[in-house]
Amino acid sequence: MAAAGRLPVALLILLWLGAACASSPTPTPAVSRELSTGAATPPSSSAPPAAISTGSSALPPARQGSVAKSARVRFVPLQIELPSGRSAVVEPERTVNGVLQIPADIQHVGWWDGSAEAGDPFGATVIAGHVDSRAQGLGFFAELLILQVDDLITLRSDAADLTYRVISASLVNKDALTSDTQALDQHGPHRLVLITCSGQWHPEVRSYDSNLILVADPVAG
């Protein structure tokens, strides 16, 4: 039996549920619940069933996950722009017996297809071009002879571009420039390596004795 002056526990729960659901604008049909009240007197059979509003029974739509876009852009360079604003076509080239081939058109330059793509996380993007030609005059890469540290160079594809800042320039004996030299090394942080002829001209072999190598680091976007 319930204590004197107190309503049965079950009836209090029913009244509370009824009051709580009264504010629902669209109550669902009443649902009868059997409540266990322990030793208290069970509720009168004449008591109305509790009206419980459960709201919509439909679960919220599941959130669809998606793969995040990479912040890194990598591409085969198709064009290069030097600090003067002049640009040139970049053609893919390969090495033959350790010697990097260069386009015959001295206004074009060659990207070594064994080197890194622009924007790769590691390795050097290696681009070489002629400094001049007896038949064609000054080559596109003649401008490398006057570039300075902190000058900016931009590589482009049809859909992306990446800018590099010059950090060093050095002369290397032409006989030493092969695919296993440091300039063409594909280990270490990503960088841009530009190569052209320089040094002393030897008319008997119609060639310069050195290569000018410029190294440039990618500019953080």
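Using the numbering used here, you'd call the opening residue of the sequence shown number 846 and step up by one each time. The C-beta atom is built at its ideal place from N, Cα and C for all residues, glycine as well. Keep in mind it's a predicted model, so treat the numbers as computed, not measured.
Helix, strand or coil: which one does DSSP assign to residue i?
i, result
"E988", "helix"
"L927", "coil"
"D1003", "coil"
"D977", "strand"
Identify, in the order they occur along the chain, each residue of the same chain with its Cβ nearer than 8 Å to the Cβ of residue i, setting aside the five sequence neighbours on each side.
i, result
"Q946", "E938, R939, T940 and G955"
"R917", "G964 and P966"
"K1019", "C1042, G1044, S1052, Y1053, D1054, S1055 and N1056"
"A1004", "F920"
Name the two residues that bound the continuous beta strand (DSSP E) containing residue i.
i, result
"P937", "S932 to E938"
"G955", "V954 to W957"
"S1055", "S1052 to P1063"
"L1029", "Note, L1029: premise wrong, no beta strand (DSSP E); not H, not E."
"Q1045", "R1036 to H1047"
Can you give me the Cβ contacts of residue i inside the same chain, cut-off strictly under 7 Å, excluding the 5 residues immediately before and after it?
i, result
"I1012", "V994, V1060, A1061 and D1062"
"S1043", "V976, L990, L1016, Y1053, S1055, N1056 and L1057"
"R1010", "D995, L997, A1061, D1062 and V1064"
"Q981", "I951"
"W1046", "Y1053"
Got a sec? Which residues, its chain only, sit under 6 Å from residue i by beta carbon, not counting five neighbours each side?
i, result
"L923", "V935 and S1002"
"V921", "E962"
"V1050", "none"
"L983", "D977"
"T1008", "L997, T999 and V1064"
Using alpha carbons as the reference points, say which of the options lies closest to residue i.
i, options, result
"R1036", "Q952, S960 and R1051", "S960"
"G968", "P1034, I1040, E988 and T1008", "P1034"
"R931", "V944, W957, G943 and E988", "E988"
"V944", "R919, H1047, L1029 and I925", "L1029"
"R919", "A1014, N1018, L1039 and D1006", "D1006"
"T970", "R979, A949, L1039 and E926", "L1039"
"S929", "T999, P1048 and N942", "T999"
"L992", "N942, A973 and A1014", "A1014"
"A949", "A973, D958, L927 and P1048", "A973"
"Q1031", "W1046, L927, R979 and W957", "W957"
"F986", "H1047, P1048 and L927", "L927"
"H953", "N942, R979 and I925", "I925"
"P1048", "R979, Q1027 and A1004", "R979"
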